[in-house]
Structures are given as structure tokens and as C-alpha cells.
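Take a look at the structure below.
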Amino acid sequence: MPFNVDFDQKLAVAAFFSCAIGGGFFAYRMFNANFFDALVVGLSSGALAFGYSYLAEGVGGKLVAVSVVLFLISWFFLKPCDHCPEMVKIPTGISVMKYEVTQAEWTYFMGNNPSSHQYCDDCPVEGISYDDVQGYIKQLNELTGKNYRLPTSDEWFDAACPKEQCSDNPSFSWNKDNSGGQTYYVGKKRPNLNGLYDIFGNVMEFTSSIRDGGYVARGNSFAHERQSKISRSGGLPIKTNEKFNDVGFRLVQD
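Read in the working numbering, the sequence shown has 95 at position 84, and its numbers run on one by one without any break.
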């Protein structure tokens with residue numbers, strides 16, 4: 012059925028933008044795509060819709076062919092990232108893992124579980140050294156194609172204490188007073204103001220900052236007394252090969 016030209020053009024433009032936005036958003040959220048990949052999927056989806064809704068042949072037909080090729084190519088390279096950690100973007104601009112790295116995540120990438128508290132897969136991994144963590148990051152980055160790293164001590168503090176508002180209390184953290192001497196599955200307590208769980212206490216968390224010959228671990232753990240104040244300059248220096256059953260980690264992305 013022929014369309015009025017003005018109506019046909021409006022329909023085509025509407026189809027292009029709706030499919031471009033929808034396709035790009037779908038790729039970005041469902042496939043953890045970067046901006047460029049999501050843009051390719053979105054534009055090719057929009058061009059496909061434009062071609063079908065505006066012209067059945069000529070320019071429209073070419074647009075259909077080109078957009079189908081672009082879409083299939085981009086879809087081939089966009090692979091679901093089932094084992095990418097859930098990230099939260101904080102006001103400073105970096106993205107931070109919502110939860111501490113769990114024993115299940117460690118086992119998947121490293122093939123072993125070094126933790127002392129092996130009674131739940133979703134408990135934080137511990138019993139690992141700084142060097143072990145670097146090995147995990149290498150495996151994670153190679154298998155996901157992404158670039159994760161440890162936060163610096165300052166980045167950790169900004170993530171834990173937005174606007175320097177810290178609350179190390181039983182609603183947010185596991186410490187010596189309420190843990191019963193063990194770790195718990197991540198995310199059971201309330202999140203902090205940035206939406207991050209267990210950052211005040213379950214296990215302490217490695218950072219990439221060096222002090223007194225060791226890498227600084229931040230936060231609190233199930234084995235330590237509740238902290239009345241969390242300072243920017245705090246933390247425990249740990250040698251690269253030292254391991255503790257109350258020290259784990261979470262990662263960040265730029």
C-alpha cells in the first residue's frame with residue numbers, strides 16, 4: 012500500500028531512532044558492550060528499520076543489506092559476559108564491584124579455592140596473597156576482554172565513604188561483635204551510600220597502594236573490632252606473599 016511521502020518519511024525517521032536507541036541499549040546492558048559496539052548495533056538496527064519502513068527497493072534495499080551485514084558482524088563479536096562482575100559507577104568516575112570477589116568466582120577462573128571458610132560459594136574468597144590476586148586479574152581480563160584492576164587506597168576510600176560519610180555499624184558490616192568468627196555470603200548486609208556491599212566488613216580488601224613495604228588492605232573484617240572511624244590514611248600493609256583468612260578483594264574499572 013503506497014504511503015504519502017511526508018508520512019512515509021516521518022515513519023522511517025521514527026523507526027530509525029526507536030530501533031537505534033533500543034538496539035544500542037539492549038547491546039550495552041545485555042552484552043556488557045562498550046560504547047562503540049553498542050553504537051554499531053544500534054545504528055545498524057535503525058538502518059534496517061529505516062530501509063524496511065521507507066523504501067522497498069533502491070536506497071532502502073541497500074540500507075537493508077548493509078545494516079543486516081553490520082548487525083550480524085557486531086552481534087558475532089558481542090558475546091554475553093556471564094562471568095563479568097556486577098559493577099557500580101561511583102561519582103568519582105570509576106566503576107567498582109558491587110560485591111567482594113566470591114569463592115565461586117575465584118574457583119571458576121583459577122580452578123581452586125584457597126579459602127579457609129569453605130561453607131558457601133557466595134562467601135568472599137580469602138586466604139590469598141597480593142600476587143595471587145594479580146594472577147586472578149590476569150585470568151579475568153584475558154577471558155572477558157575487559158580491564159579490571161585493584162583500586163588504590165584513595166579510590167577505595169572514595170568508594171567506601173562518599174563525601175567522607177562512613178558508617179561501620181552492624182547494619183552494614185560483619186565484624187568481631189556480630190560475625191561469630193566467620194565470613195558470610197556477600198550482600199547480606201545493607202549497602203553503603205554508593206550501593207556497595209560489605210565494604211566496611213566481611214573481609215578486608217587489597218588495594219594497589221604501597222605503604223611500609225606492603226600493599227595496603229582496607230576496610231574491616233569478621234575478625235576485627237568495629238571501627239569507630241574510617242580514615243583516608245588507614246589500612247594494613249601486607250607483604251606480596253602473605254595470606255590471611257580475613258583478607259579478600261574487589262576490583263574496579265576506569
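Ideal Cβ positions, reconstructed from N, Cα and C, are used throughout, including at glycine.
With respect to the alpha helix (DSSP H) encompassing residue i, which residues constitute its N-terminal and C-terminal limits?
i, result
"L120", "It is Phe, not Leu, that sits at residue 120 in the sequence shown. Run containing F120: Q114 to M121, per the alpha helix (DSSP H) assignment."
"V228", "The identity of residue 228 in the sequence shown is Ala, whereas the question assumes Val. Run containing A228: none in the alpha helix (DSSP H); it sits in the beta strand (DSSP E), G225 to R229."
Return helix, strand or coil for residue i, following the three-state DSSP convention.
i, result
"S244", "coil"
"S219", "strand"
"K157", "coil"
"F255", "strand"
"N152", "helix"
"E193", "First, the amino acid is wrong: residue 193 is Gln here, not Glu. Coil, per DSSP."
"P173", "helix"
"S126", "coil"
"Q264", "strand"
"S232", "strand"
"G69", "Residue placement at G69 cannot be trusted, given a pLDDT of 48 that sits under 50; the coordinates are not used to answer."
Can you give me the start and stop residues for the beta strand (DSSP E) that residue i sits inside?
i, result
"S106", "S106 to M108"
"V99", "M98 to K100"
Roughly how many angstroms lie between the CA atoms of residue i and residue j, to the nearest whole one?
i, j, result
"V263", "M121", "19 Å"
"K240", "P173", "14 Å"
"D133", "D223", "33 Å"
"T194", "G156", "31 Å"
"N205", "N252", "31 Å"
"D142", "P181", "32 Å"
"Y147", "S219", "14 Å"
"G198", "D209", "7 Å"
"Y130", "N124", "11 Å"
"G259", "L161", "11 Å"
"N256", "E236", "16 Å"
"R243", "D93", "34 Å"
"I139", "K254", "5 Å"
"L203", "A171", "A small correction: the amino acid at residue 203 is Asn; Leu does not occupy that position in the sequence shown. Cα to Cα, N203 sits roughly 7 Å from A171."
"C177", "Q150", "33 Å"
"F233", "S126", "14 Å"
"D188", "V144", "28 Å"
"I221", "S106", "22 Å"
"P135", "S190", "14 Å"
"E153", "Q238", "37 Å"
"N158", "C95", "11 Å"
"F183", "L207", "10 Å"
Using 8 Å as the Cβ pair cut-off and three pairs as the minimum, do the segment 195-214 and the segment 224-232 touch? yes
Looking at C-beta atoms only, is the number of pairs between the segment 234-252 and the segment 117-125 that lie closer than 8 Å three or more? no
Touch check for the segment 98-105 and the segment 155-169: three-plus C-beta pairs under 8 Å? yes
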